[in-house]
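Trainee:
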Amino acid sequence: MSGVASTSGVASMSGVASTSGKAWSPSTWRSKPIKQGVAYADRSAADAAVDQLQRLPPIVTPAEICKLKDSLRSVALGESFLLQGGDCAELFEYCADSPIDSKIKLLLQMSLVLIWGAHKPVVRIARMAGQYAKPRSSPTETTASGRTIPSFRGDILNGFEEASRTVDPGRLVLAYFHSAATLNYVRGQLASGLADLHRPLDWGLGHVRDAELQRKYRRIVGSISESLRFMRTVGADATRKLETVDLYTSHEGLVLEYEQALTRELRHPAGYQPVFNSGKGPSQAQTDGSQIKGAADKGWYNTSAHFIWIGDRTRQIDGAHVEYFRGVENPIGIKVGPSMEPDELVRLLDIVNPRKEIGKVTLITRYGEDKVERLLPLHIKAVQATEHVVVWQCDPMHGNTRNTTQGIKTRHFSSILAEVTSSLKVHEECGSFLGGVHLELTGDAVTECVGGSEGLVEDDLSLNYTTYCDPRLNEKQALELAFLVADHYRD
Ligand code: PEP
Ligand code: MN
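Numbering-wise (my numbering), the sequence shown opens with residue 119 and increments by one.
Here it is in structure tokens:
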């Protein structure tokens, strides 16, 4: 773990310096070139917002963060599977019971299907309770009436309505409170039995048009329900394990003023031991710190979410985001798109994870169905030539966004499935394995992606197209994807 024991941030900065060669603190990113940076017109309002954020309590704790890191280590070693999903752009207005309930239930059902298919525990991470910042390819957009206005950058910075496109620093604080309220409700619902597997689950397969497919899905659901019944009967749930599940939160760590304000130097959980790859296989850090120069009882935790990731647009080696991410204890993700060079990927891993902590980094690959078979092997082989042990996760959404002839952003279910299927195959061929999937989805009956067993076509998109950013899988399409991935493992 990084950081030397200290009472002041300055001493601890030098602790991180001893491992990386260059001093790090939660604010060193400010001296680096930044992509997607924010120019706050009202500087004093921005400072006041950051001041307030710095005084507010952590949203998540080191104990939870390290528990997730342990689980991701097991994903990296092939013992568990990672399911991550949620909205592209979470809105403050989604902080309400119904959208939260439907998303939790969907992630839970998908995870049951994946457990059944892969015969492995599933680690669940929601893109929720903080996914309020969006990178944009252009800072402005043109309205239907021909006006040029700033692009919507997510509720943490500006509003979608034309009248609220100016960046408002007060939204940084609102983002905190909406994250906290969302997570509070998630925790409450889980503790109250929302994920209690003693309750019958509603699988709602009536929409599946194809009779053969309908039979196949019913068989899977029947088999899962049977397994749950069996476990209850033999008392395998005596440890109350069936009554709740872990659900972690995540977002893109884009607005660094916000991330910095919630980065706190905190005590590591008692007895927590990270595991590094020593070159001879996994080795536990000793509690006396003998394996880690300058090891201490504290580290810098991003307390805004359990897991944060660097987007494909902000992962420059010398940039502000990579600088920020290299100093935090949290497990982190890096989006890996078609422009990533294999040697650049290795350099990035060396920077953000110099001690080669197993499962610390999740590589979220997103090439597009037509590029994955060419590019993924190059990235896998580059990482295999090092001692980095990562989680390989497939994001089949972001390389497969298309515009319809009417200019509506959509994604084809078949392209999404094709990228996952190709990723599974390429990993197998390379002697690697796919650790998980990263999906944009919602628990509601939206019509944003075409295809799937409901047979949505382009003309249906206008029925319920409600995303403020990228098109999401609806609850039926998401569940179907889980069935198909599970099926792959069963075959
Ligand atoms: C996203 O995950 O919503 C996103 C913007 O992804 P990427 O950085 O891969 O484009
Ligand atoms: Mn997106």
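Cβ atoms here follow ideal geometry from the backbone N, Cα and C, with glycine treated the same way.
Locate the beta strand (DSSP E) running through Ser162, then write down its first and last residues.
Mentor: Walking along the sequence shown from the start, residue 162 turns up at place 44. Taken as a continuous stretch (DSSP letters only), Ser162 belongs to no beta strand (DSSP E), being part of the alpha helix (DSSP H) at Arg161 to Arg173.
Trainee: Give the single residue among Thr483, Ile526 and Gly235 whose Cα lies nearest to the Cα of Asp61.
Mentor: Summary: the structure shown does not reach residue 61, with the chain confined to residues 119 through 609, and so no result is reported for it.
Trainee: With 16 other CB atoms within 10 Å as the buried threshold, where does Glu211 fall?
Mentor: Counting from 1 along the sequence shown, the entry for residue 211 is found at position 93. Exposed, since its Cβ has fewer than 16 Cβ neighbours within 10 Å.
Trainee: Are the CB atoms of Arg336 and Leu323 within a distance shorter than 8 Å?
Mentor: Translated into the one-based positions of the sequence shown, residue 323 becomes position 205. Translated into the one-based positions of the sequence shown, residue 336 becomes position 218. Contact flag set, yes.
Trainee: Have a look at Asp406 and Ala293 and give me their C-alpha separation to the nearest angstrom.
Mentor: Counting from one through the sequence shown, the residue named residue 406 turns up at place 288. Counting from one through the sequence shown, the residue named residue 293 turns up at place 175. At Asp406 the pLDDT is 37, less than 50, meaning the model places this residue with poor confidence and gives no usable figure here.
Trainee: Express the C-alpha separation of Leu559 and Thr565 in angstroms, rounding to a whole number.
Mentor: Within the sequence shown, residue 565 is the residue found at index 447, counting from 1. Within the sequence shown, residue 559 is the residue found at index 441, counting from 1. Distance between the alpha carbons of Thr565 and Leu559: 11 Å.
Trainee: Given a cut-off of 8 Å on the beta-carbon distance, is the pair Ile452 and Gly371 in contact?
Mentor: Residue numbering aside, residue 452 sits at position 334 when the sequence shown is read from its first letter. Residue numbering aside, residue 371 sits at position 253 when the sequence shown is read from its first letter. No, the pair does not count as a contact, with Cβ atoms beyond the cut-off.
Trainee: For Tyr485, which of helix, strand or coil comes out of DSSP?
Mentor: The residue labelled residue 485 in the question sits at position 367 within the sequence shown. Coil at Tyr485, not helix or strand.
Trainee: Of the choices Val168, Tyr485, Val326 and Tyr442, whose alpha-carbon is the least far from that of Leu597?
Mentor: As a position in the sequence shown, residue 597 is number 479, starting the count at 1. Of the listed residues, the one whose Cα sits closest to Leu597 is Val326.
Trainee: Leaving out five residues before and five after Thr284 in sequence, what residues of the same chain have Cβ atoms less than 8 Å from its Cβ?
Mentor: By one-based count along the sequence shown, residue 284 stands at place 166. Once the five neighbours on either side are set aside, the close Cβ partners of Thr284 are Ala159, Pro268 and Asn276.
Trainee: Starting from the Cα of Glu280, find the closest Cα among Glu259, His606 and Gln172 and give me that residue.
Mentor: Locating residue 280 in the sequence shown gives position 162, where the first residue counts as 1. Cα-wise, what sits closest to Glu280 is Glu259.
Trainee: Give me every residue whose Cβ sits closer than 5 Å to any heavy atom of the ligand MN, in chain order.
Mentor: Residues with a Cβ closer than 5 Å to any heavy atom of the ligand MN, in chain order: Cys206 and Asp588.
Trainee: Val544 by DSSP, collapsed to three states: which one?
Mentor: As a working note, residue 544 is residue 426 in the sequence shown. In the structure shown, Val544 sits in a helix (DSSP, three-state: H, G or I).
Trainee: Would the beta-carbon of Ser422 fall within 8 Å of that of Gly248?
Mentor: Working through the sequence shown from its first residue, we reach residue 422 at position 304. Working through the sequence shown from its first residue, we reach residue 248 at position 130. For Ser422 and Gly248, yes; Cβs fall inside 8 Å.
Trainee: From Gly570, Ile526 and Pro151, pick the residue whose C-alpha is nearest to that of Ala536; which is it?
Mentor: In the sequence shown, counting from the first residue as 1, residue 536 sits at position 418. When each option's Cα is compared against that of Ala536, the closest is Gly570.
Trainee: Can you tell me whether Asn395 is buried or exposed, with buried defined as 16 or more other CB within 10 angstroms of its CB?
Mentor: Locating residue 395 in the sequence shown gives position 277, where the first residue counts as 1. Looking at its Cβ environment, which holds 16 or more other Cβ atoms inside 10 Å, Asn395 is buried.
Trainee: First and last residue of the beta strand (DSSP E) that includes Thr260?
Mentor: In the sequence shown, residue 260 corresponds to position 142, counting from 1. Looking at the DSSP string, the run of the beta strand (DSSP E) that includes Thr260 is Thr258 to Thr260.
Trainee: Could you tell me which of His424, Asp461 and Gly417 sits nearest to Ile435, measuring between CA atoms?
Mentor: As a position in the sequence shown, residue 435 is number 317, starting the count at 1. That would be Asp461, whose Cα lies nearest to the Cα of Ile435.
Trainee: Of the residues Lys543, Pro151, Ile218 and Thr522, which one's Cα is nearest the Cα of Val490?
Mentor: For this step, residue 490 is matched to residue 372 along the sequence shown. The shortest Cα separation from Val490 among Lys543, Pro151, Ile218 and Thr522 belongs to Lys543.
Trainee: Starting from the Cα of Phe443, find the closest Cα among Asn420, Ser457 and Arg465 and give me that residue.
Mentor: Within the sequence shown, residue 443 is the residue found at index 325, counting from 1. Nearest C-alpha to Phe443: Asn420.
Trainee: Could you tell me which residues DSSP pairs with Trp427 in its beta bridges?
Mentor: Here the question's residue 427 lines up with position 309 in the sequence shown. According to DSSP, which records beta bridges pairwise, Trp427 is partnered with Glu370 and Gly451.
Trainee: What's the call for Leu581, buried or exposed, on a 16-neighbour Cβ count within 10 Å?
Mentor: Counting from one through the sequence shown, the residue named residue 581 turns up at place 463. Exposed.
Trainee: Counting along the chain, where does the alpha helix (DSSP H) carrying Gly235 start and finish?
Mentor: As a working mapping, residue 235 is identified with position 117 in the sequence shown. From DSSP, the alpha helix (DSSP H) with Gly235 extends over Asp215 to Ala236.
Trainee: Using CA coordinates, which residue listed in Gly311, Ala244 and Glu447 is at the minimum distance from Leu297?
Mentor: Here residue 297 is taken as the residue at index 179 of the sequence shown, counted from 1. Here residue 297 is Ser; the residue named in the question, Leu, does not match the sequence. It is Ala244.
Trainee: Does at least one heavy atom of the ligand PEP sit under 7 Å from the Cβ of Pro514?
Mentor: Mapped onto the sequence shown, residue 514 falls at position 396. Outside the cutoff, so no.
Trainee: Going by Cα to Cα distance, which pick from Gly155, Val193, Leu224 and Lys140 is closest to Ala600?
Mentor: Residue mapping note: residue 600 aligns to position 482 of the sequence shown, counting from 1. Among Gly155, Val193, Leu224 and Lys140, the Cα nearest to that of Ala600 belongs to Leu224.
Trainee: Going by DSSP in three states, Gly554 sits in which element: helix, strand or coil?
Mentor: Residue mapping note: residue 554 aligns to position 436 of the sequence shown, counting from 1. Note: Gly554 maps to strand in three-state DSSP.
Trainee: Please name the residue in Gln154, Ala379 and Glu197 whose C-alpha comes closest to that of Gly553.
Mentor: Looking up residue 553 in the sequence shown gives position 435. Of the listed residues, the one whose Cα sits closest to Gly553 is Glu197.
Trainee: Considering just the uninterrupted stretch of the alpha helix (DSSP H) at Tyr294, what are its terminal residues?
Mentor: Looking up residue 294 in the sequence shown gives position 176. Residues Gly288 to Ala309.
Trainee: Does the count of Cβ pairs from the segment 165-177 and the segment 454-470 closer than 8 Å reach three?
Mentor: No, the segment 165-177 is not in contact with the segment 454-470.
Trainee: Can you give me the start and stop residues for the alpha helix (DSSP H) that Phe601 sits inside?
Mentor: By 1-based counting over the sequence shown, the position of residue 601 is 483. Glu593 to Arg608 is the extent of the alpha helix (DSSP H) around Phe601.
Trainee: Just the C-alpha distance for Asp169 and Tyr366, rounded to the nearest angstrom, thanks.
Mentor: Here the question's residue 169 lines up with position 51 in the sequence shown. Here the question's residue 366 lines up with position 248 in the sequence shown. Spanning the two alpha carbons is a distance of roughly 27 Å.
Trainee: May I ask you to report which of helix, strand or coil DSSP gives Gln434?
Mentor: Here residue 434 is taken as the residue at index 316 of the sequence shown, counted from 1. It is coil, neither helix nor strand.
Trainee: Please go through the same chain and pick out, in chain order, the residues whose beta-carbon is closer than 6 Å to the beta-carbon of Gly561, but skip the five residues on each side of it.
Mentor: Taking the sequence shown and counting its residues from 1, the one referred to as residue 561 is at position 443. Cβ neighbours of Gly561 beyond the five flanking positions: Ser220, Lys221, Leu224 and Glu593.
Trainee: Taking Val470 as part of the alpha helix (DSSP H), name the residues at either end of that continuous run.
Mentor: Residue 470 sits at position 352 when you count from the first residue of the sequence shown. Val470 -> alpha helix (DSSP H) spans Pro460 to Val470.
Trainee: Cβ of Met515 within 8 Å of Cβ of Leu557?
Mentor: As a first step, residue 515 must be located in the sequence shown, where it is residue number 397. As a first step, residue 557 must be located in the sequence shown, where it is residue number 439. Closer than 8 Å, so yes.
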